[in-house]
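Chemist: The following block contains the structure, expressed as structure tokens.
Residue numbers (the UniProt record's numbering), protein chains in the order written: chain R, 1 to 461; chain A, 1 to 461.
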């Protein structure tokens, strides 16, 4: 928290949250003039997250000049806000002592977040220059698995023994010199460091000094374990409206605390990950380079290629039918496309509901029945529409019937597989968003082409 | 915050956050025995969000029996956690006085959230039975536009004048009887009720009583305006790691405060909305009924049907080519499918980056160039693979060349339109996730079929 006097001016702009054009122009001018004071002045009003955004959106050459000019003043918070590729680039440009100073300023959870992604030589350089206590604590955090509560947590925790009063905890806080930057509750611990209650700061402040903490503490709180996966952590915060939660080790001893801002970031990341997996994108960021993006997307496209070849193989079984009635080739993508779309709708609902734990074994069979019914109803609707369109177009009533029946079959199958595929993948212990899109589209392509072309062969030839 | 003595037992289960099977069994037994005490006992340890989940996942008949049995004990927090359709059902089942009591218990932001969705008769019943002051305040909140900061905010704010000391603010809080449940900072206001600073509670508590608030307040804070859209609010919390933020009216006067838990929910909702829009799903929840779901998805499928018919029209222009070389019908879906997939990849990245404001006018042209290059590179890669596959399959080198060229063209176009379409939709002031999927697939289908079948006509016939 800063005590600088930078008065807050209410702004009537369209988007008050984006860095303004003047700021960008001032930074540009400072870079061009190689004027460090001017750069610092331009950055003065900006939040670290905005500076990080500016760096991410700049070209590599501007980034290099920016880092060179800002130099020793580089703010560790900016590193925390950068996405991984740009951060790698920037930490590579920073002198080791600047990097160490930047890391030292940070809260312990941010230190872990930053150091875990550093290249081994930089990581060792940073670790070796920290105080022994900080270094050991940081190394302990890094011993926890990635993407667990142990990695997310802040190790500095404000605790109090059960026998303290409101006055004692306030006196303790007044005497402390190393309180964390952000904390919202005091955790009450027993002599064996097990958390036994929490007291929100607002609750402490609204009671007289003599009040024992045991009288105002909340005993119905939730603890997280260091081994909890970060998506479970985010779920708990979201589900139970937590603001902070104690983290305990295998013996139930308090080892840290996770605050809602970290949980919010995980929640956002997990939703983004699902959205990307559904679209066949892996772990890429906007600032990645052309070749690494092309390479990252290639495997997903390759899986789709296999799917497309399977669909082509199905079509090739019916070459004679197409040769006889070329209208089949014209109409067949309609059946496949509608099935694919209906399947994707169901699939997305299912993946999302699994992520938010709204789809569970308690209602899976009811949701399956519902999606099947939805597929049937919309299948029937579009069977009629497609039948009418094809009759107007080709004037062949039997062809319209074949198209309609294939449509119903494919949209019914789309609804069923749209829900079954993610359920099965989840049951198998994998992320239901992963590759389920390709599975479902393969099914709807194969069923769509097979039912339409096969039925046409029986009815029309 | 509850003071009940319900000791926290560390659980070693696979999923410590989901209600356990025993709880569900106990609720079931209580319903079957019509035993209200047993039901209350079963629900005692559960968070309102868990009870809401159980209600959502139950069938309508169980839900009715649950509400009838729980009756007067119904917890208003559970209503807040329910999704809209089930909440409508439940409020319809509750007696008006139970509903009013449930609403009275809530914080003002939750009251607004609940009352805004009530049917007019229920809404009037609730409003008429609130205290005049509460009613007027609630009606004022409802005057703000939906999905704005004015609707999200909590109206009870803990404020202090600039001349107060730490001791005075603590004394004030000790004397207050109506402090909000959750607050993390005190907002310093001038005599005209303009916010001029904030002080985190932890900061107040760690300073001696005599410290003036002006010495420890943070003047570099962010204010929100009542008219700010909720997605901008969520963005500000996420970007600037806010925990709470003052909300001001048109004259810059403090009217409320928004806390991070509300922002987190909005962030989650907005990400979910984008994910669903990309898949062609509107505003449906898992507990909606079959017919309303089928109806909600119908328009999206209809748009896709139009797209599919346009693609069919393109194919029909080349019926003669297909009649002459039926392999064209077999291979053509491969070109369309790969283009559609590559386009969806780019589109999803673009929609997400626009939502997180990582894609701006500062880097749009560079990202466009990059996506074009990625399309070209992967297009070339899959042109070779598809060419080899088709040569092995059909033994026609010219056909392979045609397939390869069409693949490159379509994947290049996919990359370009995958980024252009959402940018244009955003520029036009609409949600870039809306319908952009269909636009892009229409383009890749048309370009895919046209380039492959058209080129085949020129080269092979």
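The C-beta atom is built at its ideal place from N, Cα and C for all residues, glycine as well.
Should residue 289 of chain A go down as buried or exposed, given a rule of 16 or more other Cβ atoms within 10 Å for buried?
Modeler: Under this definition residue 289 of chain A is an exposed residue.
Chemist: Suppose the cutoff is 7 Å on Cβ atoms and the five residues either side in sequence are ignored; what does the same chain contact list for residue 85 of chain R look like?
Modeler: For residue 85 of chain R, where only same-chain residues beyond five positions count, the Cβ hits under 7 Å are 285, 287 and 288.
Chemist: Go through its chain and collect everything with a Cβ distance to residue 27 of chain R's Cβ below 6 Å, but skip five positions before and after it.
Modeler: Contacts found: 42.
Chemist: Can you give the beta carbon distance from residue 164 of chain R to residue 213 of chain R, rounded, assuming they're within the 8 Å contact cut?
Modeler: The Cβ separation is near 5 Å, so the contact holds.
Chemist: According to DSSP, simplified to helix, strand and coil, what is residue 253 of chain R?
Modeler: Reduced to three states, the DSSP call for residue 253 of chain R is coil.
Chemist: Cβ atoms of residue 364 of chain R and residue 423 of chain R: under 8 Å apart, would you say?
Modeler: Yes, they are a contact pair.
Chemist: Rank A:433, A:74, A:162 and A:64 by C-alpha distance to the C-alpha of residue 190 of chain A and give the top, closest one.
Modeler: The candidate whose alpha carbon is nearest that of residue 190 of chain A is A:162.
Chemist: Along the chain, where does the beta strand (DSSP E) that runs through residue 185 of chain A open and close?
Modeler: Looking at the DSSP string, the run of the beta strand (DSSP E) that includes residue 185 of chain A is 185-189.
Chemist: Would you mind giving the Cβ-Cβ distance between residue 258 of chain R and residue 152 of chain R, rounded to the nearest angstrom? I have them listed as a contact below 8 Å.
Modeler: Right, their Cβ atoms sit about 5 Å apart.
Chemist: List, from N- to C-terminal side, the beta strand (DSSP E) runs of 3 residues or more that fit wholly inside the stretch 170-214 of chain R.
Modeler: The stretch 170-214 of chain R contains these whole beta strand (DSSP E) runs: 185-189 and 195-200.
Chemist: Return the chain-ordered ranges of every alpha helix (DSSP H) run that is complete within the stretch 350-414 of chain R and spans a minimum of 4 residues.
Modeler: Entirely contained in the stretch 350-414 of chain R, the alpha helix (DSSP H) runs reaching 4 residues are, in chain order, 364-394.
Chemist: Which residue marks the beginning of the beta strand (DSSP E) containing residue 159 of chain R, and which one marks its end?
Modeler: First-last of the beta strand (DSSP E) with residue 159 of chain R: 159-161.
Chemist: Just to make sure I have the definition right: I need the residues of chain A whose C-beta is within less than 8 Å of the C-beta of residue 341 of chain R. Which are they?
Modeler: What residue 341 of chain R touches in chain A: 280, 300, 301 and 304.
Chemist: When the cut-off is 8 Å and only beta carbons count, does residue 427 of chain A lie next to chain R?
Modeler: Cβ-Cβ to chain R under 8 Å: no for residue 427 of chain A.
Chemist: Would you mind stating whether residue 275 of chain A and residue 348 of chain R have Cβ atoms separated by less than 8 Å?
Modeler: Result yes, Cβ atoms of residue 275 of chain A and residue 348 of chain R sit closer than 8 Å.
Chemist: Helix, strand or coil for residue 459 of chain R per DSSP?
Modeler: Correct three-state label for residue 459 of chain R: helix.
Chemist: Apply the 10 Å Cβ neighbour rule to residue 32 of chain R and answer buried if 16 or more other Cβ atoms are within range, or exposed otherwise.
Modeler: It is exposed - the Cβ of residue 32 of chain R has fewer than 16 other Cβ atoms within 10 Å.
Chemist: Would you be able to state if there are at least three C-beta pairs under 8 Å between the stretch 326-344 of chain R and the stretch 411-429 of chain R?
Modeler: Judged by Cβ distances under 8 Å, the stretch 411-429 of chain R makes contact with the stretch 326-344 of chain R, as three or more pairs qualify.
Chemist: Using a cut-off of 9 Å between C-beta atoms, extract the partners of residue 358 of chain A located in chain R.
Modeler: Under the 9 Å cutoff, chain R gives 53, 56, 57, 83, 285, 286 and 287.
Chemist: If residue 38 of chain A sits next to residue 48 of chain A, beta carbons under 8 Å apart, how far is it from one beta carbon to the other, in whole angstroms?
Modeler: Residue 38 of chain A to residue 48 of chain A, Cβ: 19 Å. No contact.
Chemist: Quick check on residue 471 of chain R: buried or exposed, where buried means 16 or more other Cβ atoms within 10 Å of its Cβ?
Modeler: Because chain R here runs from 1 to 461, residue 471 of chain R falls outside it and cannot be looked at.
Chemist: Got a sec? Which residues, its chain only, sit under 8 Å from residue 194 of chain A by beta carbon, not counting five neighbours each side?
Modeler: The residues are 248, 252, 253 and 254.
Chemist: Who are the near neighbours of residue 419 of chain R in its chain, counting only those whose CB is closer than 7 Å to its CB and skipping five residues on each side?
Modeler: Closer than 7 Å at the Cβ level, and outside the excluded window around residue 419 of chain R, lie 346, 350, 367, 368 and 371.
Chemist: Show which residues of chain R have a CB atom less than 7 Å away from the CB atom of residue 201 of chain A.
Modeler: 201, 202 and 205, listed in chain order.
Chemist: Since residue 90 of chain A is in the alpha helix (DSSP H), which residue starts that stretch and which ends it?
Modeler: Per DSSP, residue 90 of chain A belongs to the alpha helix (DSSP H) from 84-93.
Chemist: Taking 8 Å as the threshold (C-beta atoms), are residue 407 of chain A and residue 306 of chain A in contact?
Modeler: No, these two residues do not count as a Cβ contact at 8 Å.
Chemist: What whole-angstrom Cβ distance do residue 421 of chain A and residue 400 of chain A have, given they're in contact under 8 Å?
Modeler: Incorrect: roughly 31 Å between the Cβ atoms, too far for contact.
Chemist: Below 8 Å on C-beta distance, what does residue 276 of chain R contact in chain A?
Modeler: Those are 348, 349 and 352, listed as they occur along chain A.
Chemist: Given residue 147 of chain A, which residues of its chain have a CB within under 7 Å of its CB, disregarding the five upstream and five downstream residues?
Modeler: Within the same chain, residue 147 of chain A has close Cβ partners 229 and 230.
Chemist: Give me the DSSP bridge partner(s) of residue 244 of chain A.
Modeler: In the DSSP output, where bridge partners are listed per residue, residue 244 of chain A has A:259.
Chemist: Residues bridged to residue 277 of chain R by DSSP?
Modeler: Bridge partners of residue 277 of chain R: none, in fact.
Chemist: Starting from the beta carbon of residue 294 of chain A, find every residue of chain R whose beta carbon is closer than 7 Å, and list them in chain order.
Modeler: Neighbours of residue 294 of chain A on chain R, chain order: 374, 377 and 378.
Chemist: Among A:99, A:461 and A:155, which one has its Cα closest to the Cα of residue 107 of chain A?
Modeler: Closest by alpha carbon: A:155.
Chemist: Given a cut-off of 8 Å, decide if residue 382 of chain A and residue 411 of chain A are closer than it, judged by their beta-carbon atoms.
Modeler: Yes, these two residues count as a Cβ contact at 8 Å.
Chemist: According to DSSP, simplified to helix, strand and coil, what is residue 134 of chain A?
Modeler: Here residue 134 of chain A sits in helix by DSSP.
Chemist: Leaving out five residues on either side along the sequence, give the residues of the same chain with a beta carbon under 7 Å from the beta carbon of residue 169 of chain A.
Modeler: These residues qualify, in order along the chain: 160, 186, 204 and 213.
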